[in-house]
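Printed below as a string of structure tokens:
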């Protein structure tokens, strides 16, 4: 269940920081009863950003395949990657 807090609770920054690190989930901040902000630890943000980059790469690969219809043999791909990164 998401953690929801009113904006006035942001005055206690140390407590908000402790909660964000403890629950390891976004904290939704409301203003006048409506969603206004999301607060999270930097570790959680980094995790979300990393997942987003992976999702974006998959999306772009699927889009490229849909446009060209070309696929590559996995053996050749892994050989090229090995040459590129390991000589």
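Numbering (the numbering used here), first residue to last: 487 to 573. Backbone N, C-alpha and C define an ideal beta-carbon position, used for all residues, glycine too.
Continuous beta strand (DSSP E) stretch holding residue 495: start and end:
Here residue 495 belongs to no beta strand (DSSP E), and DSSP marks it neither H nor E.
Close Cβ partners of residue 530 (< 8 Å) along its chain, the five nearest in sequence each way excluded:
506, 510, 511 and 512
Based on DSSP bridge pairs, tell me the residues matched to residue 491.
515
Given a cut-off of 8 Å on the beta-carbon distance, is the pair residue 496 and residue 490 in contact?
no
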